[in-house]
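Asker: Taken in sequence, the protein lines are chains A and B.
Okay, so the first sequence: first residue is 142 according to our numbering, each after it adds one.
Okay, so the second sequence: first residue is -16 according to our numbering, each after it adds one.
We put the CB at the ideal spot given by N, CA and C, even for glycine.
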Amino acid sequence: MSQEPAAKKKKGHVTVREAWCKGCAICVEFCPEQVLVMERGKATVAYPDRCTACNLCELRCPDFCITVSVKGE
Amino acid sequence: MFNYDQYLRLDKFPLIWCSGCGDGIVLKSLLRAVHKLGLQKDQICMVSGIGCSSRLPGYVDFNTLHTTHGRALTFATGIKMARPELTVLVITGDGDATAIGGNHYIHAARRNIDLTVLLFNNHIYGMTGGQVSPTTAKGKKASTAPYGSFENTFNISGLAQAAGASFVARSGVYNPVQLENYIVKAIQKKGFSLVEIMSPCPTAYGRRNREGTPVDMIAWQKENSVPVAKAGQLTPEELEGKLITGILVDIERSECRAEYQKLIDRLAQS
Ligand code: SF4
Ligand code: SF4
Ligand code: SF4
Chain A
142 MSQEPAAKKK
152 KGHVTVREAW
162 CKGCAICVEF
172 CPEQVLVMER
182 GKATVAYPDR
192 CTACNLCELR
202 CPDFCITVSV
212 KGE
Chain B
-16 MFNYDQYLRL
-6 DKFPLIWCSG
4 CGDGIVLKSL
14 LRAVHKLGLQ
24 KDQICMVSGI
34 GCSSRLPGYV
44 DFNTLHTTHG
54 RALTFATGIK
64 MARPELTVLV
74 ITGDGDATAI
84 GGNHYIHAAR
94 RNIDLTVLLF
104 NNHIYGMTGG
114 QVSPTTAKGK
124 KASTAPYGSF
134 ENTFNISGLA
144 QAAGASFVAR
154 SGVYNPVQLE
164 NYIVKAIQKK
174 GFSLVEIMSP
184 CPTAYGRRNR
194 EGTPVDMIAW
204 QKENSVPVAK
214 AGQLTPEELE
224 GKLITGILVD
234 IERSECRAEY
244 QKLIDRLAQS
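1. Answer yes or no: the CB of C1 of chain B versus the heavy atoms of ligand 1, is any distance below 7 angstroms?
2. Within the 8 angstroms Cβ cut-off, does C172 of chain A reach chain B?
3. Report the three-state DSSP secondary structure of M64 of chain B (helix, strand or coil).
4. For M110 of chain B, which residues does DSSP report across the bridge?
5. Ignoring anything shorter than 4 residues or poking outside the segment 0 to 82 of chain B, list the alpha helix (DSSP H) runs there in chain order.
6. Buried or exposed for V331 of chain B, please, with buried defined as at least 16 other CB atoms from any protein chain shown within 10 angstroms of its CB.
7. Closer than 9 angstroms, Cβ to any Cβ of chain B: which residues of the segment 165 to 194 of chain A, in chain order?
8. Looking only at its own chain, which residues have a Cβ that is under 6 angstroms from the Cβ of C1 of chain B, when we skip the five neighbours before and after it?
9. Cβ of K151 of chain A less than 8 angstroms from any chain B Cβ?
10. Going along the chain, which residues of the segment 28 to 61 of chain B sit with their C-beta nearer than 8 angstroms to a C-beta in chain A?
11. Any idea if S143 of chain A is buried or exposed, counting beta-carbon neighbours within 10 angstroms, 16 or more meaning buried?
12. Determine, using beta carbons only, whether A16 of chain B and E163 of chain B come nearer to each other than 8 angstroms.
13. Can V73 of chain B and A59 of chain B be called in contact, C-beta distance under 8 angstroms?
14. Within 10 angstroms of the Cβ of R249 of chain B, are there 16 or more other Cβ atoms? Answer buried if so, exposed if not.
15. Given that a residue counts as buried once 16 or more other Cβ atoms are within 10 Å of its Cβ, and exposed if not, what is G213 of chain A?
16. Using a C-beta to C-beta distance shorter than 7 angstroms, which residues of chain B count as neighbours of V157 of chain A?
17. Return yes when at least one heavy atom of ligand 1 lies under 7 angstroms from the C-beta of P159 of chain B, else no.
18. For chain B, is any of its Cβ atoms less than 8 angstroms away from the one on S143 of chain A?
19. At 8 angstroms on the CB atoms, spell out the chain B contacts of K163 of chain A, in chain order.
20. Can you tell me where the beta strand (DSSP E) with N101 of chain B in it begins and where it stops?
21. Any heavy atom of ligand 3 closer than 7 angstroms to the Cβ of N192 of chain B?
22. On the DSSP bridge assignment, give the partners of L256 of chain B in chain order.
23. Indicate, with yes or no, if ligand 1 has a heavy atom lying under 7 angstroms from the CB of V176 of chain A.
24. Counting Cβ pairs, one atom from each stretch, are 3 or more of them under 8 angstroms apart for the segment 65 to 80 of chain B and the segment 150 to 158 of chain B?
25. Give the residues from the segment 198 to 219 of chain B that approach chain A closer than 7 angstroms (Cβ to any Cβ), ordered along the chain.
26. At which residues does the alpha helix (DSSP H) containing V115 of chain B begin and terminate?
27. Under 8 angstroms, do I166 of chain B and L246 of chain B count as touching if we go by C-beta distance?
28. Let me confirm a value: A128 of chain B is counted as buried when at least 16 other C-beta atoms fall within 10 Å, else exposed. Which label applies?
29. What is the rounded straight-line gap between the Cα of R236 of chain B and the Cα of G215 of chain B?
30. Indicate whether at least one CB of chain A lies closer than 8 angstroms to the CB of P183 of chain B.
31. Measuring straight from C-alpha to C-alpha, what distance separates I107 of chain B and S253 of chain B?
32. Determine, using beta carbons only, whether P183 of chain B and I201 of chain B come nearer to each other than 8 angstroms.
33. Among all the DSSP beta bridges, which residues are the ones paired with V232 of chain B?
34. From what residue to what residue does the alpha helix (DSSP H) around P210 of chain B run?
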């Protein structure tokens, strides 16, 4: 239920289940918006505001760590 | 947000696979495909052989069977013959299916029995110690080929096609959505359906062959994939070392269990 005009980019909310993260950095390197960074061997959400909910990090995380939801939905 | 947890045995997590192993990406594509088809968990029987990818059934809440090296297709054949109403999924690897189980592989395809085979091709025996497999490319190193392999390789998809499979597709973990779509089509197809999946092994293969990080290995797929339609316009030299992806076979051909049913019905009448 978004009030924004359709042309405006979607906003996403991304989380990392740290306990299962093995630090492969796949999510970090393939995120087109550089939302995620590696910190002490784990993926961390560093720039949450940039997330467009494209879901690429979730699709490619081999360890079921990432969830992405569309803000306002 | 897709809910994977509904299909998982969460008490078995985290996954045993190495950091950056592609197999977890395939597992996720598979679960989305199962959901898309609306399959019930009890409707599925998943059978695996031995190897890293063959650990997969341990993580899913379906009927599951972890069998012996190279024999997943034989167990799966028995299940399909006895319980044709089940959706039978076979999880196997390049070594398991095409070396140790090579004969079962071609004969299951020849019979065109209604199984869906997800074949994880990582070009090596990962779990058993990095030995050369039938898909280890010439020049690539393995624990049993310390100076590089000098053998020719199998084209796994081509083998299934030649033997009579009614559906064959090739994809890789770089493209999890394409993979999901191919798995959907493979399950829908009545007959032997193969999805050959390029799933990098950064540990036993990548490290030894200096192929870089898991990210590098996945990026390689992006840069070197050629869709099958485009591959037809390229010369063999241009295709050298490339990964041809897409649906390679999708044909109608008589299916083994259905033929068997005809025989049962005929004998019942006589
Ligand atoms: S959903 Fe897309 S933009 Fe957001 S963190 Fe994941 S890859 Fe980056
Ligand atoms: S892809 Fe998954 S396991 Fe790999 S670093 Fe990101 S969250 Fe961790
Ligand atoms: S050895 Fe290779 S195939 Fe096996 S879990 Fe590790 S990365 Fe994956």
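Answerer: Short version:
1. Because no heavy atom of ligand 1 lies under 7 angstroms away, the Cβ of C1 of chain B does not count as near it: no.
2. The Cβ of C172 of chain A sits no closer than 8 angstroms to any Cβ of chain B.
3. M64 of chain B falls in the helix class under three-state DSSP.
4. Note: M110 of chain B sits in no beta bridge, so no partner.
5. If we require 4 residues or more, the alpha helix (DSSP H) runs fully inside the segment 0 to 82 of chain B come out as 6 to 19, 55 to 65.
6. For residue 331 of chain B there is no data in the structure shown, the boundaries of chain B being -16 and 253.
7. From the segment 165 to 194 of chain A, only C165, A166, I167, V169, E170, F171 have a Cβ closer than 9 angstroms to chain B.
8. T186.
9. So no, K151 of chain A is outside the interface.
10. Taking 8 angstroms as the Cβ-Cβ cut-off against chain A, none of the residues of the segment 28 to 61 of chain B qualify.
11. With a pLDDT of 46 at S143 of chain A, under the threshold of 50, the predicted position of this residue should be treated as unreliable, and no value is reported.
12. In this structure, E163 of chain B lies closer than 8 angstroms to A16 of chain B by Cβ.
13. Yes, the Cβ-Cβ distance between V73 of chain B and A59 of chain B is below 8 angstroms.
14. Classification of R249 of chain B: exposed, given that the 10 Å Cβ count is below 16.
15. Under this definition G213 of chain A is an exposed residue.
16. Within 7 angstroms Cβ-Cβ: nothing; V157 of chain A doesn't reach chain B, min ~13 angstroms.
17. At a threshold of 7 angstroms, P159 of chain B does not count as near ligand 1, since its beta carbon sits no closer than that to any of the ligand's heavy atoms.
18. The pLDDT assigned to S143 of chain A is 46, lower than 50, so where the model puts this residue is not dependable, and the model offers no usable value.
19. For a Cβ distance threshold of 8 angstroms, residue set P(-3), C1, S2, G3 of chain B lies close to K163 of chain A, ordered along the chain.
20. According to the sequence as given, residue 101 of chain B is Leu; it is not Asn. Start and end: 99 to 104.
21. Relative to ligand 3, the beta carbon of N192 of chain B is positioned no closer than 7 angstroms to any heavy atom.
22. Nothing in the structure corresponds to residue 256 of chain B, since chain B is present only between -16 and 253.
23. Yes, ligand 1 has a heavy atom inside 7 angstroms of this Cβ.
24. Touching, no, given that fewer than three Cβ pairs across the two stretches are closer than 8 angstroms.
25. Those residues of the segment 198 to 219 of chain B that come within reach of chain A (Cβ to Cβ, closer than 7 angstroms) are V198, I201.
26. Premise fails: V115 of chain B is in no alpha helix (DSSP H) and is neither H nor E.
27. No, the Cβ-Cβ distance between I166 of chain B and L246 of chain B is not below 8 angstroms.
28. Classification of A128 of chain B: buried, given that the 10 Å Cβ count is 16 or more.
29. Each residue's alpha carbon lies about 24 angstroms from the other.
30. At a cut-off of 8 angstroms, the C-beta of P183 of chain B has no neighbouring C-beta in chain A.
31. Annotation: I107 of chain B to S253 of chain B spans about 52 angstroms, alpha carbon to alpha carbon.
32. It is a contact, given that the beta carbons lie within the stated cut-off.
33. Partner(s): B:V151.
34. Boundaries for P210 of chain B: no alpha helix (DSSP H) harbours it, while the beta strand (DSSP E) harbouring it runs 208 to 210, taken from the DSSP string.
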